[in-house]
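Quick note, the sequences are listed as chains A and B, same order. Following numbering that gives the first Met the number 0, the numbering of the first sequence begins with 0 at its first residue and continues without gaps. Following numbering that gives the first Met the number 0, the numbering of the second sequence begins with 0 at its first residue and continues without gaps.
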Amino acid sequence: MTTMQAAALEGRQKKSSVKLDKLEAEVTQEPVPVDPVGEGEPSAAIIPLEQFQAGFVGAFQIASQTTGLQSLDVAGHNEGSARMAAKAVYEIASETAMLRWLIEGGNPWMGRAICIGAFAVPMARNVRAEIKAKREAKTDDNGQSAEA
Amino acid sequence: MTTGSLPKPDNRLYLGRGGSGKTTLALAHTWAFPRVIVSDPTGQDALAEGCLVTDDKLELISFLRIRGDLRICWRGAFVHGQDEAFDFVNRAALAAGDICMLWDEAHLSMTPQRLPPSAFEIWNAGRHQRCRVFASAMRPARVSRDCTANLSRACVFQTLEPSDLRFLRSFMEPSAALEAAKLPQYHAIDWTPEAWSVKKSVFP
Chain A
0 MTTMQAAALE GRQKKSSVKL DKLEAEVTQE PVPVDPVGEG EPSAAIIPLE QFQAGFVGAF
60 QIASQTTGLQ SLDVAGHNEG SARMAAKAVY EIASETAMLR WLIEGGNPWM GRAICIGAFA
120 VPMARNVRAE IKAKREAKTD DNGQSAEA
Chain B
0 MTTGSLPKPD NRLYLGRGGS GKTTLALAHT WAFPRVIVSD PTGQDALAEG CLVTDDKLEL
60 ISFLRIRGDL RICWRGAFVH GQDEAFDFVN RAALAAGDIC MLWDEAHLSM TPQRLPPSAF
120 EIWNAGRHQR CRVFASAMRP ARVSRDCTAN LSRACVFQTL EPSDLRFLRS FMEPSAALEA
180 AKLPQYHAID WTPEAWSVKK SVFP
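This is how it looks when you write it as structure tokens:
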């Protein structure tokens, strides 16, 4: 390195030191971010596409088993299109800030959604069955009354 | 290469599906430079090899004060969120100067339209601080159009999606974009504004 080059490098390093000092001052004046997840826990990172696809397909499997509806079972020949749909959702979520939580690892919303679903889905199924049973009983009563 | 005392722009795109080898190639190219920051939003082990790893802003700044050869892996997205971490690392690189910046999974930090302000500055004016940017992305169509301006080189692995091929045609010759759809595994189009050819990765 020539003397001129060394002098130019020294000059650049001094300028960069001043700029880094300013950036450092800005950082030390920032308020400490309030972490809604918990004390000291890092914000969530984006989960890989493959993990999201596995979770997406798995959710339909669980729904199929919970409701007894075979149409929801995406295993076999339906899994390919389910994975493509999952990929499309993943891409939308990665581009849309409001939907980013869908692909953030460790986010609490999926767990909450599963808890609510585990309660609501069997409840809805039981309510439907009860209403149907009552209607059938009412029809039988009317039928018997007509015959009488 | 220099024009007087100011280097020519040296911004590069590395495009291809997951597992195609784009990140491996981009990392290999960064080893030609003494001072490197790898912006790692997804925490990949390969990106941290040989690096000082941090997610702390003040620690990043302290690393950048080190003279001489330096490799930093920035994982600020895990603490500060994607957008803030990306903005900060670009501003820090511009402040420090003499940096080769690798934006891994760049499409996570930008829209197809405009680059965020600090990213726009380092991409278009980074050479004034002797900074260059290598951006790797799975989906060319989701890379900002700002990245085709001031682009010195693109290494493109097999690309099949129509929207991605349209993006390639926006800056490449049609024949090169056509070739991108036919590339065998681990082969890439090595494109510059002057010429292009197909090469087997890893290449200099």
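Positions of the beta carbon are idealized from the N, C-alpha and C atoms, including for glycine.
| Asked | Found |
| --- | --- |
| Neighbouring residues, chain A, relative to P183 (chain B) (Cβ below 9 Å) | Those do not exist, as P183 (chain B) stays about 23 Å from chain A at its closest Cβ, beyond 9 Å. |
| Stretch pair the stretch 112 to 129 of chain B + the stretch 90 to 103 of chain B: three plus CB contacts closer than 8 Å | yes |
| Enclosing alpha helix (DSSP H) for L59 (chain B) [first to last residue] | K56 to L63 |
| Pairwise C-alpha distance: G17 (chain B) and Q157 (chain B) | 11 Å |
| Same chain only: Cβ atoms within 7 Å of S174 (chain B), ignoring 5 sequence neighbours per side | none |
| Under 8 Å between C-beta atoms of S38 (chain B) and W102 (chain B) | yes |
| Extent of the continuous alpha helix (DSSP H) run through V197 (chain B) | Here V197 (chain B) belongs to no alpha helix (DSSP H); instead the beta strand (DSSP E) covers W195 to K199. |
| A180 (chain B) vs L159 (chain B) beta-carbon contact at 8 Å | yes |
| Closest by C-alpha distance to A117 (chain A), when choosing among A:R99, A:G75, A:F59 and A:E78 | A:F59 |
| Option in A:G104, A:I130, A:G54 and A:R134 with minimal Cα separation from K86 (chain A) | A:G54 |
| Nearest-angstrom Cβ-Cβ length linking A187 (chain B) and V155 (chain B), presumed shorter than 8 Å | 6 Å |
| Minimum Cβ-Cβ distance from V26 (chain A) to chain B less than 8 Å | yes |
| Between the CA atoms of F77 (chain B) and P35 (chain A) - distance to the nearest angstrom | Bear in mind that a pLDDT of 49 at P35 (chain A), under 50, signals an unreliable position, so the model cannot answer this. |
| Local conformation of N10 (chain B) per DSSP, three classes | coil |
| Neighbourhood of C130 (chain B) by C-beta, 8 Å cutoff - its chain only, sequence neighbours within 5 removed | A92, L93, G96, D97, I98, C99, M100 and I121 |
| The stretch 0 to 19 of chain A: positions lying closer than 8 Å to chain B by Cβ | A7, R11, Q12, K14, S15, S16, K18 and L19 |
| Residue interval of the alpha helix (DSSP H) (run including R126 (chain B)) | Element bounds for R126 (chain B): n/a, residue is neither H nor E. |
| 7 Å Cβ cut-off: residues of chain B touching L22 (chain A) | I60, R90, A91 and A94 |
| Under 8 Å between C-beta atoms of P6 (chain B) and E104 (chain B) | no |
| Where M3 (chain A) falls: helix, strand or coil (DSSP) | helix |
| For T23 (chain B), the three-state DSSP class (helix, strand or coil) | helix |
| Any C-beta of chain B under 8 Å from that of I45 (chain A) | yes |
| Minimum Cβ-Cβ distance from L12 (chain B) to chain A less than 8 Å | no |
| R70 (chain B) vs L46 (chain B) beta-carbon contact at 8 Å | no |
| Neighbour flag for R64 (chain B) against chain A, beta carbons, 8 Å | yes |
| Exposed unless 16 or more other CB atoms sit within 10 angstroms - verdict on G39 (chain A) | For G39 (chain A), the pLDDT reaches just 48, beneath the cut-off of 50, and the residue's location in the model is therefore unreliable, leaving the point undetermined. |
| S80 (chain A) at chain B interface by Cβ criterion, 8 Å | no |
| Chain-ordered chain D contacts of L57 (chain B) [CB-CB under 9 Å] | In the structure shown, chain D does not exist; the protein chains are A and B. |
| Element boundaries [alpha helix (DSSP H), containing V78 (chain B)] | A76 to H79 |
| Whole-angstrom C-beta distance between I65 (chain B) and L19 (chain A), which should lie under 8 Å | With 8 Å as the limit, L19 (chain A) and I65 (chain B) do not qualify as a contact, their Cβ atoms being about 11 Å apart. |
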